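One structure is given here, and the rest of the page talks about it.
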Amino acid sequence: MKLEDALKASEESGKAVMVLFTKPWCGACKTLKSDLNANKDLFLKAAQLVHIVNIEEDGEAGEKILMFTEQGSYIPRVFFLRPGGSLLPIEGPNPSYPRFFSSTQALSEAIHKAAQLVSSTKTDL
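Sequential numbering from 1236 applies to the sequence shown in the working numbering.
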């Protein structure tokens, strides 16, 4: 799914969008994807709570890429967006690399947090 499509789907469904930046040559990206495949059941269950976009090339994000580049250029990086596209305040455990999640478990916890934040925002309105 492309970012633009995920944002439209997010508006309709009320779900958050998870944007995963990877590169085909990146060792840490390959390790994360391998862990996601090894823990497929856990990831697929969590993934039902958000719309997922995997961006391997910067051009795939279009103009929205500027929001992401201000947050660092390391990879893999994961961002969570509210319906409408604003950034959710969800970060990984390493303050030096706040958008890095090293495992399926860490990513699953972040997905659940994103879903909870979006859900609580909807009910507070």
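For glycine and all other residues, C-beta sits at the position ideal for the given N, C-alpha and C. These numbers were taken from a predicted model, which means no experiment stands behind them.
Extent of the continuous alpha helix (DSSP H) to which residue i belongs
i: L1322; result: Where L1322 is concerned, there is no enclosing alpha helix (DSSP H), given that its DSSP letter is neither H nor E.
Cutoff 7 Å; reference residue i; Cβ partners in own chain excluding five residues on either side
i: D1270; result: S1338, T1339
i: E1291; result: T1257, K1258, P1259
i: S1343; result: L1277, F1278, A1281
Extent of the continuous beta strand (DSSP E) to which residue i belongs
i: I1365; result: No information on residue 1365 is available, as it lies outside the stretch 1236 to 1360 that the chain covers here.
i: N1289; result: 1285 to 1290
8 Å Cβ shell around residue i - same chain, five flanking residues per side excluded
i: I1310; result: F1256, T1257, K1258, C1261, A1263, C1264
i: A1349; result: A1251, M1253, L1284, V1285, F1315, L1323, I1325
i: P1328; result: A1341
Between the CA atoms of residue j and residue i - distance to the nearest angstrom
i: D1240; j: E1247; result: 11 Å
i: L1352; j: T1304; result: 23 Å
i: R1334; j: T1266; result: 16 Å
i: F1336; j: N1272; result: 15 Å
i: G1249; j: P1318; result: 6 Å
i: N1274; j: R1312; result: 19 Å
i: S1355; j: I1346; result: 14 Å
i: K1268; j: A1244; result: 24 Å
6 Å CB neighbourhood of residue i in its chain, flanking five on each side removed
i: G1320; result: L1242
i: I1287; result: M1253
Uninterrupted beta strand (DSSP E) stretches inside the stretch 1239 to 1276 (no shorter than 3 residues) | Listed in chain order, the complete beta strand (DSSP E) runs (minimum 3 residues) inside the stretch 1239 to 1276 are 1251 to 1256.
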